[in-house]
Ligand code: NAP
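In this note's numbering, the protein residues as written are 655 to 962.
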């Protein structure tokens, strides 16, 4: 079929990568999935997935990731912990550069997902890990009986703020508008939670503290331009995600936010290169959409390889 060592290389091991690997392995493609951390991606930090069908009792992200990894492995998916540094999609056989070697395949599925976006305000970098966090599951328990701020109005900010109330005595949700973006059921729960107080029409302009801790954030009301300090022990930031595309350089066509443009077959602008999950320009980023994308991407990749 080709003179490459693999039929298919999958870059990224979140729900999309693992699902692409499952489908590819069941199609008897010689597939390799490369993940730089533990398989599972962003869901590893989710304490409860309530909207992935089949788990009415809810399941943690870590457990779902573990089950997906086992399932793909059962059908022979090869998984390597490594980091892709560069890609060369200029030939029919695509080359993937890792720190220690270059590997190749006629087809590639990119499923590297997205990472939390930063606020880019003074104090955010300095206090990272010392009161500033992007992960409630990881850092929430450090804020027992504390007062914390949560920035953002989407599903992540609202869901994780509710989770934080297990530990903190007060959670201020700071949102730049007067209406949340989050799904309605999460809004209802947050509004009904006595420990959550919303601060509307406001943005964080700075984070302050001592040597090892946060003690206040500065807020600016976007309607009145008034500023004020709010005393908090921690600041969680959930203002959306950015695509993990650093290794791609200019190899593929991206949308204005840097997400990979695909058609409904998950084909990118380069023949033989497919994308699935949060890395794609898609209206919804969920585990359910990621696994659907990935099944199509693997199916398309198989067709592409067969027709070569
Ligand atoms: P998101 O939906 O893009 O929401 C980002 C939020 O941050 C928005 O409310 C946005 O305000 C605000 N924001 C953006 N930039 C800001 C800035 N510079 N300063 C202040 N606020 C800013 O991101 P997300 O909540 O991380 O969710 C990402 C995807 O994952 C979504 O598709 C979401 O549905 C999904 N997700 C789903 C679940 C679930 O189903 N339970 C859980 C987590 C995430 P505006 O509203 O004004 O734009």
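The beta carbon of each residue, even a glycine, is placed where N, CA and C say it ideally should be. Nothing here was measured: the structure is a model prediction, and the numbers come from that model.
Alpha carbon to alpha carbon, what distance is there between residue j and residue i?
i	j	result
residue 900	residue 944	20 Å
residue 775	residue 867	16 Å
residue 955	residue 679	12 Å
residue 712	residue 782	30 Å
residue 865	residue 755	42 Å
residue 930	residue 916	9 Å
residue 717	residue 708	14 Å
residue 851	residue 802	11 Å
residue 838	residue 719	26 Å
residue 734	residue 804	35 Å
residue 674	residue 744	23 Å
Whose C-beta lies closer than 6 Å to the C-beta of residue i among residues of the same chain, with five residues either side of it excluded?
i	result
residue 655	A caution first: residue 655 carries a pLDDT of 44, below 50, which makes its placement in the model unreliable, though a value can still be read off. Closer than 6 Å at Cβ, skipping near neighbours: no residue.
residue 953	none
residue 667	687, 689 and 693
residue 736	688 and 752
What residues in its chain sit with their C-beta under 7 Å from that of residue i, if we drop five residues either side in the sequence?
i	result
residue 799	823
residue 919	950 and 954
residue 843	816
residue 701	714, 791 and 817
Would you check if the distance between the CB atom of residue i and the CB atom of residue j is smaller than 8 Å?
i	j	result
residue 762	residue 746	no
residue 758	residue 764	no
residue 738	residue 853	no
residue 858	residue 789	no
residue 731	residue 691	no
Here's a check: name, in chain order, each residue in its chain whose Cβ is nearer than 8 Å to the Cβ of residue i, leaving out the five neighbours to either side.
i	result
residue 807	827, 829, 830, 831, 833, 834, 835 and 836
For residue i, which beta-bridge partners are listed by DSSP?
i	result
residue 889	786 and 803
residue 921	928
residue 742	749
residue 761	662
Should the region 888-896 be regarded as contacting the region 722-742, the criterion being three or more beta carbon pairs within less than 8 Å?
The answer is no - the region 722-742 does not touch the region 888-896, with fewer than three Cβ pairs under 8 Å.
Is it a yes or a no for the region 680-687 touching the region 914-928, going by three-plus beta-carbon pairs under 8 Å?
The region 680-687, when compared against the region 914-928, does not touch it at the 8 Å Cβ threshold.
Could you tell me whether the region 933-942 touches the region 903-916, where touching means 3 or more Cβ pairs closer than 8 Å?
Here the region 933-942 makes contact with the region 903-916; the two share three or more CB pairs at distances below 8 Å.
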